[in-house]
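K.L.:
In the working numbering, the protein residues as written are 10 to 252. Below you'll find the structure I mean.
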């Protein structure tokens, strides 16, 4: 999978954790493959099987890794999900608050999951400011997008943008300032249209990023090379990585 991504021109990848149980796997992946960078956090869909000890373990893990060769570039993937996990909203909110505090303490950006919860996520960010980051798989309004941008965030667009029926996402991708956009795959999830992602069975892979860039180029009527250059630069900027 990594080799295919490199063959497609994808030379850097963010590898986010979802729970304490896969921190070691994330680190191992980034250690094995040059160009892969780790992010550590507890995903909202995993807070039901996580506890306060996991939050303390996250803090300890960051402390041990922060100045190392594989220093994390972000806290993530964290956030809120009011679609699949609407039954534990309070617990999600607690875990997000605590992880925002950890991000602030370590001066790290965050990678945010915002599914059906954009306004609630913005509320948490206003209460606990952090060093920006990425609002992944963004599907909010234009006004909400502008609020994220003002808070120092880039907005992630990927597989969902490739569907002609995703009118709001495509309109945002076409009209938001290019400086605010990053491209993503969310592999293995949110497969693009050409992989049959609407079937729910397709497995996404990082090498699809080039074709996703081509979709954005078409929407914005820009050369693909310019899209790739701009969005790569944006990703490095919002994650405080060198280009």
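In this text, a Cβ means the ideal position worked out from N, Cα and C, and glycines have one as well. Predicted model, so just to flag it, every value in this text is computed and none were measured.
(1) Suppose only complete runs of 4+ residues qualify. What are the alpha helix (DSSP H) ranges in the region 86 to 134, listed by chain order?
(2) Restricting to Cα atoms, I'd like to know which of 62, 201, 83, 172 is closest to residue 249.
(3) Where does residue 70 fall in DSSP's three states?
(4) Please check the pair residue 111 and residue 160, which I expect to be a contact at CB under 8 angstroms, by giving their CB distance rounded to whole angstroms.
(5) Is residue 240 close to chain D, meaning its C-beta is less than 8 angstroms from at least one C-beta of that chain?
(6) Can you tell me which of the three DSSP states residue 199 falls into?
(7) Going by DSSP, name the residue or residues bridged to residue 46.
(8) Restricting to Cα atoms, I'd like to know which of 190, 186, 104, 215 is closest to residue 57.
(9) Among the residues of its own chain, which have a CB less than 7 angstroms from the CB of residue 179, if the five just before and after it don't count?
(10) With a 10 Å radius around its C-beta and 16 neighbouring C-beta atoms as the bar for buried, classify residue 95 as buried or exposed.
(11) Tell me which same chain residues have a C-beta within less than 6 angstroms of the C-beta of residue 35, skipping the five on either side of it?
(12) Does residue 83 come out as helix, strand or coil in the three-state DSSP assignment?
(13) With a threshold of 16 other CB atoms inside 10 Å of the CB of residue 168, please say whether the residue is buried or exposed.
(14) Cβ of residue 137 within 8 angstroms of Cβ of residue 164?
(15) Using the Cα positions of residue 214 and residue 156, report the straight-line distance between them to the nearest angstrom.
(16) Below 6 angstroms CB to CB, which residues in the same chain sit around residue 85 once its five sequence neighbours on both sides are set aside?
(17) Helix, strand or coil, according to DSSP, for residue 253 in the structure here?
(18) Would you please state the rounded distance, in angstroms, between the beta carbons of residue 93 and residue 54? I believe it to be under 8 angstroms.
(19) Here's the rule: buried if 16 or more other CB atoms are within 10 angstroms of the residue's CB, otherwise exposed. What is residue 63?
P.N.:
Result, derived from the coordinates:
(1) 98 to 115
(2) 83
(3) helix
(4) About 18 angstroms separates the two Cβ atoms, so there is no contact after all.
(5) Although the question refers to chain D, the structure presented lacks it and comprises just one protein chain.
(6) coil
(7) 23
(8) 104
(9) 170, 228
(10) exposed
(11) 24, 26, 47
(12) strand
(13) buried
(14) no
(15) 30 angstroms
(16) 25, 48, 50, 119, 120
(17) Residue 253 lies beyond the stretch modelled for the chain, which goes from 10 to 252, so this question has no answer here.
(18) 6 angstroms
(19) buried
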